[in-house]
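**Student:**
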Amino acid sequence: DAMVIQNPRYQVTQFGKPVTLSCSQTLNHNVMYWYQQKSSQAPKLLFHYYDKDFNNEADTPDNFQSRRPNTSFCFLDIRSPGLGDAAMYLCATSRDIGAGGGYEQYFGPGTRLTVT
Amino acid sequence: AQSVSQHNHHVILSEAASLELGCNYSYGGTVNLFWYVQYPGQHLQLLLKYFSGDPLVKGIKGFEAEFIKSKFSFNLRKPSVQWSDTAEYFCAVNAGGFKTIFGAGTRLFVKA
């Protein structure tokens, strides 16, 4: 089945120690997203890629970076994790067929990040 | 700024009861509307969507939602819930572009 895969499912890192979360997709979608979801809150968009074009949300901290080396893979780098960065990180994809976005998204299972 | 409000954070129902989950959004222009569901231990998945046309939208597993433009609402309904509908439900709104705003979710627990 075509799907969105996130690794690892659980990640523990130390305060200030860089961490990378990965996402891969077999859907061949051109748009990939990273969301942060804290307990009992809405998923919050951090950034998205349209093909290789990176689009950062205005309120995403500089501590969060992303890379998309090819269509299938996308990485979330947290340069210096703080306790407040502990959350579920969701990767999603969508296919833009040229009508300006707004299409349904396909989500991975998420990576739960713990910062000690 | 756009926002999505889901009125109930937790709902508990008995099997066969009817369900209505409220969702309101703040945006005056054209919107695309979604309900996503997350079953225990699973990833978020699309339940139904509205882009245009008939404001009453039918989704998977007997769910439907009605878009009422004048009320900025997109409430989710199901006439008779089952134990397997226990999940968290998220309303989401897209007003163009690639940013979709999600509500905080409603946790539904259905008692067998």
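Chains as they are written, first to last, in our numbering: chain A, 1 to 116; chain B, 1001 to 1112. Glycine residues also receive a C-beta, built at the ideal position from the N, C-alpha and C atoms.
Pick out whichever of Val4(A), Ala58(A), Ser40(A) has its Cα sitting closest to the Cα of Leu46(A).
**Tutor:** Ala58(A)
**Student:** Return no unless some Cβ of chain A is closer than 9 Å to the Cβ of Ala1104(B).
**Tutor:** yes
**Student:** Chain A partners of Leu983(B), CB-CB under 7 Å?
**Tutor:** Absent from the model: residue 983(B). The displayed extent of chain B is 1001 to 1112, so no value can be given.
**Student:** Taking the straight line between their C-alpha atoms, what separation do you get for Phe34(A) and Val1093(B)?
**Tutor:** Sequence inspection shows Trp at residue 34(A); the Phe mentioned does not correspond to that position. Their Cα atoms are separated by approximately 17 Å.
**Student:** Can you pull out the residues from the segment 1032-1052 of chain B whose beta carbon lies closer than 9 Å to at least one beta carbon of chain A?
**Tutor:** Asn1032, Phe1034, Tyr1036, Gln1038, Gly1041, Gln1042, His1043, Leu1044, Gln1045, Leu1046, Lys1049, Phe1051
**Student:** So the candidates are Thr114(A), Gln105(A), Thr116(A); which of them puts its Cα closest to the Cα of Tyr1036(B)?
**Tutor:** Gln105(A)
**Student:** Can you find a C-beta in chain B that's less than 9 Å from the C-beta of His29(A)?
**Tutor:** no
**Student:** Give the straight-line distance between the Cα atoms of Lys1111(B) and Leu1047(B), rounded to the nearest whole angstrom.
**Tutor:** 21 Å
**Student:** Return the CA-CA distance between Cys74(A) and Asp96(A), expressed in angstroms with no decimal places.
**Tutor:** If I take the Cα positions, the gap works out to 17 Å.
**Student:** Counting only Cβ pairs nearer than 7 Å, list the residues of chain B close to Gln41(A).
**Tutor:** Ala1104
**Student:** Per DSSP, what are the beta-bridge partners of Met3(A) in this structure?
**Tutor:** According to DSSP, which records beta bridges pairwise, Met3(A) is partnered with nothing at all.
**Student:** Where do the ends of the beta strand (DSSP E) carrying Asn56(A) lie?
**Tutor:** Residues 53-56.
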